[in-house]
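Below is one structure, written out as structure tokens; comments come after it.
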Amino acid sequence: MKQIELKICLGTSCYVMGSSHLHELVDMVPSRFGDIVNVVGHNCLGQCSKNLEAGGPPYVQVDDEIIPDASIEKVLQYLEIKLK
Amino acid sequence: MSRQTIHLKKEVLVRIIKAFFSGDFINNIRLVPFQMRPKGSDVSYRCCIYKERAVLRDRIISGLGFGIENDDETLDLGIYAEQALKREKPEDIPLTVIETACKGCTPNRIHITDLCQGCVARPCQSTCRFGAISIINGKSVIDGAKCKNCKMCVPVCPYNAIVKISVPCEDSCPVAAIQKNAHGFAQIDYDKCITCGKCIIGCPFGAVHEKSQLIDVLKNLNKKIIALIAPSIVGQFPGNIYQLKSAMLKLGFSDVYEVAQGADITTKNEALEFKERLEKGEPLMTTSCCAGYFNFVEKHLPEIKRFVSDTKTPLYYIAEQAKARHPDAVTVFISPCTAKKSEAHACANVDYVLNYEELGAVFVALNMEITACEQVPFDTESSREGRAFGITGGVAAAVASISEIRVNPCIINGLNKDSIKRLRQIAREGRCPPADCAPQDASRAPDAASGCNLVEVMCCENGCIGGNAAIAPEKISKKALADFLKMTPAADQP
Ligand code: FES
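This is the structure we're talking about:
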């Protein structure tokens, strides 16, 4: 299976709005899904400048998809469905 | 505080700032609750959209710097915004309870659930020292008038049928300053409150707010305005503090000083004071730069005052320097917590305080990317010891590094019931109860039987990085700070 790239945005907007709390995913994701998912921190994903309305930062990107207002539960749930 | 309430509070701040810069502050601030809960949107937390907007209105009022307690509900948010723009000085009490957001949750008490089997053993009844439990219709019943909430009956029930109902804000307050009023809503007794901010974190509804000084700061940007950044800021934002400095200059601050520079002065003076006091025969000194601890001493433990160091805090010294150099400048302390707002209010050289969340909201609203900024050095680089003040143990370690008398530190890492008990004992006996200090013993010489002579008190666990307005979890900020300290040279030894 192809590796999935999970980017946690560590740009300023996402960091301030809570992405530093997503750091736990670095340990949680591999322990739950194995090393098929590669979790990395990333510079501004360019979403924050678009608008604050649609859920807003913090953003996580999984391959080409953007998860707004990301929380640990939301990201795990997303992966659960994607990898099923 | 949950992720959701923190996020909501920050979003409100971001929108206030955007409204401020929109060119029509007065009108646009009025629209914020409607933008955040537009017609037909999901009702995420409350009974209906109108209630959610009402709570948002109150959050905005505190974000504009006003208390909710005296709110005239007929006033438009635009009028509050106008008043905020006109205001010369921020309000003195830094906290406010948003009654619309307070759930008025079930009072703190012991409750026997219907899991009670009315057993023959009845350990609850025999355990209760106040005779508060009786058996009615074959089930245990608590007499609220007699119950003292001691919780002794909770663990003895073989069916786990007895629970303690918690009120999170009350439980989080180390000095019992927040309590339900006659209507069941939280209320702060400001004669007792030490402004530590623990209830802000404690309430799952986000009902306790800081009155923000955002507007006071925003209206002074691009004038002569100097930011004083606390040592615990390292790790609270992406990038390093040199990039942070340049990002803040771009926001419109005219200069940025490290409070750690003031910490270096505090260290020197505190080491001298320590020597003087011990040579005079005093058994110990309590050192602290923590405003919450000072408020605690003033209001709850004046007996310990004779041991409290008179040396000023790092903020005091750096603000003094800033004003001496630039008497016409406005000074803004960038703070990890609410308690520092009370210190700043009493300090003539500090005009305003922004906490990390509030500063962060300015970056978000103006879309400032710190990591894209160049690095701008500080006029004076602070020492490693000064930069470590934001973490528990840092102050004592700094004093120990230059003290002529050997320091046996006792570290009070956070004010809570147990540590307050210990401080009371220190105040009474003039010595630190030795058994309690075991964890620090490893670093101590074997002849240290005389006990601790330098007691460092931090109101928040882990020190300032655990302050109520911290953005990053402590694990992250601790590591960032440790990495930064490794790169910073130690102070020159005298
Ligand atoms: S900071 Fe995350 S998308 Fe820009």
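Same order as they appear, the protein sequences are chains A and B.
Per this note's numbering, the first sequence runs over residues 4 to 87.
Per this note's numbering, the second sequence runs over residues 168 to 661.
Note that beta-carbon positions come from the ideal geometry of N, C-alpha and C, so glycine has one too.
The structure displayed is predicted, hence computed values, not measured ones.
Residues of chain A with CB under 7 Å from residue i, in chain order?
{"i": "Gly527(B)", "result": "Val19"}
{"i": "Glu536(B)", "result": "Gly14, Thr15 and Cys47"}
{"i": "His174(B)", "result": "Met20 and Gly21"}
Who are the neighbours of residue i on chain B, taking C-beta pairs under 8 Å?
{"i": "Gly59(A)", "result": "Glu178"}
{"i": "His2(A)", "result": "Absent from the model: residue 2(A). The displayed extent of chain A is 4 to 87, so no value can be given."}
Which residue from the options puts its Cα closest to that of residue i?
{"i": "Ala555(B)", "options": "Ala565(B), Thr547(B) and Asn516(B)", "result": "Ala565(B)"}
{"i": "Pro322(B)", "options": "Asn195(B), His278(B) and Ala414(B)", "result": "His278(B)"}
{"i": "Ala489(B)", "options": "Glu524(B), Tyr424(B) and Val475(B)", "result": "Tyr424(B)"}
{"i": "Cys314(B)", "options": "Glu178(B), Asn275(B) and Pro335(B)", "result": "Asn275(B)"}
{"i": "Arg170(B)", "options": "Gln50(A), Pro33(A) and Ser23(A)", "result": "Ser23(A)"}
{"i": "Cys340(B)", "options": "Val330(B), Lys253(B) and Ile361(B)", "result": "Ile361(B)"}
{"i": "Asn304(B)", "options": "Lys653(B), Cys283(B) and Ile408(B)", "result": "Cys283(B)"}
{"i": "Glu548(B)", "options": "Lys177(B), Arg444(B), Ser421(B) and Thr655(B)", "result": "Thr655(B)"}
{"i": "Ile260(B)", "options": "Asp358(B), Leu180(B), Arg226(B) and Ile173(B)", "result": "Asp358(B)"}
{"i": "Cys320(B)", "options": "Ser301(B), Asn436(B) and Pro335(B)", "result": "Ser301(B)"}
{"i": "Pro494(B)", "options": "Phe201(B), Lys391(B), Val181(B) and Asn316(B)", "result": "Lys391(B)"}
{"i": "Ser293(B)", "options": "His467(B), Thr434(B), Ile643(B) and Cys324(B)", "result": "Cys324(B)"}
{"i": "Glu524(B)", "options": "Thr505(B), Gln346(B) and Cys599(B)", "result": "Thr505(B)"}
{"i": "Gln410(B)", "options": "Thr538(B), Lys466(B), Gln354(B) and Val529(B)", "result": "Thr538(B)"}
{"i": "Asp152(B)", "options": "Val330(B), Gly190(B) and Ser550(B)", "result": "With chain B represented from 168 up to 661, any question about residue 152(B) goes unanswered, as that position is not in the structure."}
{"i": "Tyr519(B)", "options": "Val181(B), Asn387(B), Ser211(B) and Phe372(B)", "result": "Asn387(B)"}
{"i": "Ser1(A)", "options": "Lys5(A), Ile7(A) and Cys17(A)", "result": "No information on residue 1(A) is available, as it lies outside the stretch 4 to 87 that chain A covers here."}
{"i": "Tyr483(B)", "options": "Glu446(B), Ala397(B) and Ala563(B)", "result": "Ala397(B)"}
{"i": "Leu590(B)", "options": "Ser379(B), Arg473(B) and Gly207(B)", "result": "Arg473(B)"}
{"i": "Arg226(B)", "options": "Gly285(B), Glu266(B), Pro405(B) and Glu437(B)", "result": "Glu266(B)"}
{"i": "Ile183(B)", "options": "Ser211(B), Ile173(B), Gly232(B) and Asp209(B)", "result": "Gly232(B)"}
{"i": "Ala344(B)", "options": "Ala288(B), Cys269(B), Arg296(B) and Lys466(B)", "result": "Lys466(B)"}
{"i": "Val499(B)", "options": "Ala636(B), Leu395(B), Glu258(B) and Asn534(B)", "result": "Leu395(B)"}
{"i": "Ala639(B)", "options": "Gly21(A), Gly14(A) and Glu76(A)", "result": "Gly21(A)"}
{"i": "Ile501(B)", "options": "Glu337(B), Asp422(B) and Lys442(B)", "result": "Asp422(B)"}
{"i": "Gly285(B)", "options": "Val264(B), Ala328(B), Phe297(B) and Lys253(B)", "result": "Ala328(B)"}
{"i": "Ile572(B)", "options": "Pro205(B), Phe441(B), Val375(B) and Lys347(B)", "result": "Phe441(B)"}
{"i": "Lys306(B)", "options": "Val287(B), Cys317(B) and Glu470(B)", "result": "Val287(B)"}
{"i": "Leu648(B)", "options": "Gly234(B), His350(B), Glu487(B) and Phe404(B)", "result": "Phe404(B)"}
{"i": "Ala567(B)", "options": "Gly630(B), Gln542(B), Thr433(B) and Cys457(B)", "result": "Thr433(B)"}
{"i": "Asp38(A)", "options": "Gln6(A), Asp72(A) and Lys77(A)", "result": "Gln6(A)"}
{"i": "Leu180(B)", "options": "Thr559(B), Pro600(B), Asn522(B) and Val624(B)", "result": "Asn522(B)"}
{"i": "Asn629(B)", "options": "Ile578(B), Ala528(B) and Leu385(B)", "result": "Ile578(B)"}
What residues from chain A crowd round residue i, counting only those whose CB sits closer than 8 Å?
{"i": "Val423(B)", "result": "Near Val423(B) there are no residues of chain A at all, since even the closest Cβ is about 16 Å away, more than 8 Å."}
{"i": "Arg170(B)", "result": "Gly21, His24 and Ser74"}
{"i": "Phe530(B)", "result": "Thr15, Ser16 and Val19"}
Could you work out which residues of chain B lie near residue i, taking near to mean beta carbons separated by less than 7 Å?
{"i": "Ser1(A)", "result": "As displayed, chain A neither begins before 4 nor continues past 87, which places residue 1(A) out of reach and without an answer."}
Report the neighbours of residue i on chain D: residues whose CB is nearer than 8 Å to its CB, in chain order.
{"i": "Ser34(A)", "result": "The structure shown contains no chain D; its protein chains are A and B."}
(message) Tell me which residues of the stretch 615–642 of chain B have at least one Cβ-Cβ distance to chain A shorter than 8 Å, keeping chain order.
(response) Correct list: Ile638, Ala639, Pro640 and Lys642.
(message) Which residues of the stretch 178–196 of chain B have a Cβ closer than 9 Å to any Cβ of chain A? Give them in chain order.
(response) Under the 9 Å Cβ criterion, the stretch 178–196 of chain B contributes Glu178, Val181, Arg182 and Lys185.
(message) Tell me which residues pass a beta-carbon proximity test against the ligand FES: closer than 5 Å to any heavy atom, given in chain order.
(response) This selection yields Cys12(A), Gly14(A), Ser16(A), Cys17(A), Cys47(A), Leu48(A), Gln50(A), Cys51(A) and Tyr62(A).
(request) May I ask you to list, following chain order, the residues of the stretch 397–418 of chain B that have a beta carbon less than 9 Å from some beta carbon of chain A? (result) Residues of the stretch 397–418 of chain B with a C-beta less than 9 Å from any C-beta of chain A: Gly402, Gln403, Phe404, Pro405, Gly406 and Ala414, listed in chain order.
(request) Give a yes or no on contact between the stretch 303–314 of chain B and the stretch 354–368 of chain B, applying the rule of three or more CB pairs nearer than 8 Å. (result) Not touching, per the Cβ criterion.
(message) For the stretch 80–87 of chain A against the stretch 507–517 of chain B, do three or more pairs of beta-carbon atoms, one drawn from each stretch, fall closer than 8 Å, so that the two count as touching?
(response) Result no; under three Cβ-Cβ pairs closer than 8 Å.
(message) Against chain A, which members of the stretch 453–485 of chain B pass a CB distance test of less than 7 Å?
(response) Within the stretch 453–485 of chain B, no residue places its CB atom closer than 7 Å to a CB of chain A.
(message) For the pair the stretch 411–423 of chain B and the stretch 580–594 of chain B, tell me if three or more CB-CB distances fall below 8 Å.
(response) Between the stretch 411–423 of chain B and the stretch 580–594 of chain B, the count of Cβ pairs shorter than 8 Å is below three; the stretches do not touch.
(message) Quick check: the stretch 196–214 of chain B against the stretch 235–245 of chain B, are at least 3 beta-carbon pairs closer than 8 Å?
(response) Short answer: they touch.
(message) Can you confirm whether the stretch 246–259 of chain B touches the stretch 208–222 of chain B when touching is taken to mean that 3 or more C-beta pairs between the two stretches lie within less than 8 Å?
(response) Segments in contact, no.
(message) Would the stretch 619–627 of chain B count as touching the stretch 436–451 of chain B if we require 3 or more Cβ pairs under 8 Å?
(response) Touching, yes.
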